[in-house]
Amino acid sequence: IAAAIAESLKPRHQGSSSQLKELESLIINGINDSTSKFSTLGASLQFDCSSWGLAVSVNSSPPVSIKSEEIGSAFVDIYMDSNTVSPTLVESCVKTWSGEKAVALASSLLGQTEVIDETLDESDVFE
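Going by the working numbering, the sequence shown opens with residue 129, and the numbers climb by one from there.
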């Protein structure tokens, strides 16, 4: 899993190749350290992308992170660029978020986001 994710990131990632190796290690270590078997039904990998980087959590463990705008952006691009691994996801997102109700919701949330952005900084998200 870790190698496949790193391989998908490689052509999209503009940062240091050491960040890809670090991500692989975080995933592998997270799986190995997981209190429940990763191969069981319901096991999970969670990736949180932001302009600050990428945070990884395995089976709801506390997240570990790589501070790098490049890796966070590249991870999003796996799913959203023109060479997406999931064209149906892109289609679903466009369909879901381009309707009138979605636009109204986004507009209403925009003011809330501005307030949140002012009160959060990098230390609030990454350890």
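Glycine residues also receive a C-beta, built at the ideal position from the N, C-alpha and C atoms.
8 Å contact criterion, which residue i and residue j should meet: CB distance rounded
i: SER189; j: GLY158; result: 6 Å
i: LEU182; j: LEU217; result: So it is not a contact: roughly 18 Å between Cβ atoms.
i: VAL184; j: ILE155; result: 6 Å
i: SER193; j: GLN147; result: In fact, because the Cβ distance is near 11 Å, the residues do not count as touching under 8 Å.
i: LEU137; j: ALA234; result: LEU137 to ALA234, Cβ: 28 Å. No contact.
i: THR224; j: ALA230; result: 6 Å
i: GLY200; j: SER178; result: 6 Å
Proximity to residue i [Cα-Cα], best of the options
i: GLN174; options: ARG140, ALA232, PRO215 and ALA130; result: ALA130
i: ASN211; options: PRO139, ALA132, ILE133 and ALA134; result: PRO139
i: PRO191; options: VAL204, ASP176 and ALA202; result: ASP176
i: GLU117; options: LEU237, GLN142, SER236 and ILE133; result: The requested residue 117 does not occur in the structure, where the chain is confined to residues 129 to 255.
i: VAL186; options: ALA134, ASP209, SER179 and ASP161; result: ASP161
i: VAL204; options: GLY227, TRP180 and SER226; result: TRP180
i: ILE133; options: VAL213, CYS221 and SER144; result: VAL213
Near the ligand MN: residue i beta-carbon under 7 Å from a heavy atom
i: SER162; result: Within the structure as shown, the ligand MN is missing, as the structure has no ligands at all.
| Taking only runs of the beta strand (DSSP E) that begin and end inside the region 159 to 229, which ones reach a length of at least 3 residues, in chain order? | You should have 173 to 178, 181 to 186 and 192 to 195.
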